[in-house]
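Protein chains in written order, with this note's numbering: chain X, 1 to 392; chain A, 1001 to 1392.
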């Protein structure tokens, strides 16, 4: 008896595949080659840390769908997807990380055998897992097909979450609550930063009694004192200093779904600048949460936030959030919508966002953020971490 | 006073840059665009989880070298590199994850301004962090240049480690020793797998009193019972069962350098098949360790292992190892040398490998692996985790 690990029933995957096929037909795409592991997982359930070698899911506008990957990863496809044996196709190991041959050359042969090598083929041409060389060779091998950039086509189908997906994100929200409980319990000046991160990772993986913690697509980002001017630093062993602020950009995860949540923790009495920005950011969150309802645009949310910042004498020249959901490294964002002035996408019920009003200054930083889902009554937060500047 | 986090002095980076320039000149490359975060870090020290957006280091065969990335990540470049202010170049935030504009279009403008837009430009065309679209647009914008695939050009310069790099890897080796101490102490049937991984991540981040644990480029891979037939599964909350074997593929990391080390842990008395394969793998490790000396080829190591397997009635149709060192997700391998028959690379002193004789069968798996460095007296292991089938 083969082991099985499936997170949604076959029906939910069929709905997702049907949505994708509809979008393909609307774009005139006959065949789609999906290399983004988040899209692969969303379409089929496939889940393994095998994306460091080439793998993809191929879906046709009519009825074909197969997983294509390295031989030693085929068992993971059997375990984690509902795909029948014949739709799990493995390439030989000498195609792995070779300067001579590329897995997409083997894929081209498979497509020819299955008579899928003509028509209009879409591919994710701006994705980490679809390299220039792989794409170029696939095009060279399939001279009877035309190619089009279908980056984010599947990502867009993921934008509106099903009830079970939202439940997974709320469970991730419970995981991140535990993480901050642990941080507040244990963090103190003198502690090595890596020892704090050890506790963070322990709590985020342990999760709750009911819901396990999965790995987040981004490692814990922590920076204290002047280093908090840089928003994407990971840890080292320098001790936490007294009388400094520390930004924590963390996420809970469950079944690959994420609930990012950032907070700032100040050791000792915070200077006035921390209290000033705290008041503005809390007001901003109250303001925008109410805007996360169908019909509002991403740009309107961003604009309202920018105006509030300006009224208070602050500027922020980078996006203040993005859509979230199922994800793999290196990004827990969905890479579709961004909360910025130029994004005119209308919000719809069931979309999920990380509202990320991080403020980074010359020699300090401040982050209080919320993940939420769009409902007819405004945004519903996915976790209940106390929303304030933490002081210890 | 700006904070600083630097892992090597300016001199070591200059040596690395000089090696790279020599290789560029030998390949007729005037300018190299490096998007692989491992190569960026190795060349400059830049270290942040910012590779989910486009970033690169540009190096010319003569004297130019600059970091190019997102505005909010420029502070991390100041903190982690020795680069002067003028060689840290940021692009505006609306280039981030946009369907309309791409950071490489902005990069093209920078190259034109600096009169670096002619000649022969090398780029990493088969790397996760150089997408087809980004590459294609860069080529389109720079019509006066010719382009060549320079995938792994920098990776090859990294192959022979400096003494300090080997020291970092040995520290990573001490970290992984602590991890297995913790696993053996705490793992038991009935425990949820995520609770075991929570302990693994805690120990691997805590490291030792002297040496902190950095994040490994691959999350802990654990699979027990029949799931161990799949080698790249991560965890869920199913409990560990009695009388099963569990494969653990883990690494210690320190300052981004890795020491991978896999072991198998059996709960209860192991069946004969575990003891049989244990004997063969231990014999194989003894055999090949001695071969990791200058002059042996990767293919010879692989061949010796294959022959020993066959003599004992086993087959393995995938590579049995690869070069290692500094790395970022999704891969802790260096993506140059593979231990497989077709790889004729000669070993040199200071190269480092993960010898990975993982054996995956229909409904179980077995892993005992070692990371080691090449010396004139044979391979020197980077960690001292007891080399045996663990039984609890």
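Idealized CB from N, CA, C, for every residue including glycine.
Integer-rounded CB distance, given that residue j should sit under 8 Å from residue i
i	j	result
residue 1050/A	residue 232/X	4 Å
residue 1346/A	residue 1306/A	Wrong, their Cβ atoms sit about 19 Å apart, outside the cutoff.
residue 1057/A	residue 1072/A	The Cβ separation is near 18 Å, so there is no contact.
residue 80/X	residue 1197/A	No, residue 80/X and residue 1197/A are not in contact; Cβ-Cβ is about 17 Å, not under 8 Å.
residue 1131/A	residue 130/X	7 Å
residue 1281/A	residue 1370/A	Between residue 1370/A and residue 1281/A the Cβ distance is about 10 Å, and since that is not below 8 Å, they are no contact.
residue 1250/A	residue 1342/A	Residue 1250/A to residue 1342/A, Cβ: 28 Å. No contact.
residue 1083/A	residue 1108/A	Going by Cβ atoms, the distance from residue 1083/A to residue 1108/A rounds to 21 Å, so no, they are not a contact pair.
Spatial distance of residue i from residue j (CA atoms)
i	j	result
residue 1394/A	residue 1279/A	Residue 1394/A lies beyond the range of chain A shown here (1001 to 1392); nothing can be said about it.
residue 226/X	residue 1262/A	39 Å
residue 268/X	residue 188/X	10 Å
residue 1257/A	residue 1165/A	8 Å
residue 344/X	residue 323/X	14 Å
residue 1008/A	residue 236/X	14 Å
residue 1372/A	residue 1169/A	9 Å
residue 148/X	residue 1351/A	42 Å
residue 1300/A	residue 1161/A	22 Å
residue 259/X	residue 252/X	5 Å
residue 75/X	residue 1194/A	21 Å
residue 210/X	residue 202/X	16 Å
residue 1043/A	residue 1019/A	10 Å
residue 158/X	residue 1006/A	40 Å
residue 41/X	residue 106/X	22 Å
residue 1065/A	residue 1014/A	11 Å
residue 1335/A	residue 389/X	44 Å
residue 63/X	residue 16/X	13 Å
residue 392/X	residue 266/X	6 Å
residue 1317/A	residue 309/X	60 Å
residue 358/X	residue 1053/A	17 Å
residue 1039/A	residue 377/X	48 Å
residue 270/X	residue 302/X	28 Å
residue 1294/A	residue 1154/A	21 Å
residue 1290/A	residue 1379/A	6 Å
Helix, strand or coil at residue i according to DSSP, with G and I counted as helix
i	result
residue 1089/A	strand
residue 186/X	helix
residue 82/X	coil
residue 219/X	coil
residue 1061/A	coil
residue 254/X	strand
residue 1305/A	helix
residue 1322/A	strand
residue 1336/A	strand
residue 1038/A	helix
residue 1359/A	strand
residue 1072/A	helix
residue 380/X	strand
residue 213/X	coil
residue 201/X	helix
residue 270/X	coil
residue 310/X	helix
Nearest to residue i (by Cα), restricted to the options the options
i	options	result
residue 23/X	276/X, 180/X, 156/X and 185/X	156/X
residue 1367/A	1375/A, 1356/A, 1374/A and 1391/A	1356/A
residue 1061/A	1040/A, 1041/A and 1028/A	1028/A
residue 1186/A	1240/A, 1158/A, 1218/A and 1173/A	1240/A
residue 1365/A	1035/A, 1282/A, 1291/A and 1264/A	1264/A
residue 1117/A	1031/A, 1036/A and 1208/A	1031/A
residue 4/X	201/X, 46/X and 163/X	46/X
residue 245/X	89/X, 229/X and 15/X	229/X
residue 272/X	134/X, 254/X, 243/X and 284/X	243/X
residue 1104/A	1068/A, 1119/A and 1084/A	1068/A
residue 1384/A	1115/A, 1173/A, 1121/A and 1092/A	1173/A
residue 1139/A	1316/A, 1121/A and 1151/A	1121/A
residue 219/X	291/X, 207/X, 137/X and 329/X	329/X
residue 1276/A	1312/A, 1321/A, 1291/A and 1327/A	1312/A
residue 1144/A	1314/A, 1112/A and 1214/A	1112/A
residue 326/X	255/X, 191/X, 238/X and 320/X	255/X
Interface flag, residue i vs chain C, CB-CB below 8 Å
i	result
residue 1184/A	The structure shown contains no chain C; its protein chains are X and A.
Quick one: which unbroken beta strand (DSSP E) runs of 3-plus residues sit fully inside the segment 1128–1192 of chain A? Chain order, please. Annotation: the segment 1128–1192 of chain A contains the following complete segments of the beta strand (DSSP E) (minimum length 3 residues), in chain order: 1145–1149.
Ignoring anything shorter than 3 residues or poking outside the segment 1011–1036 of chain A, list the beta strand (DSSP E) runs there in chain order. Whole beta strand (DSSP E) segments, 3+ residues: 1031–1034.
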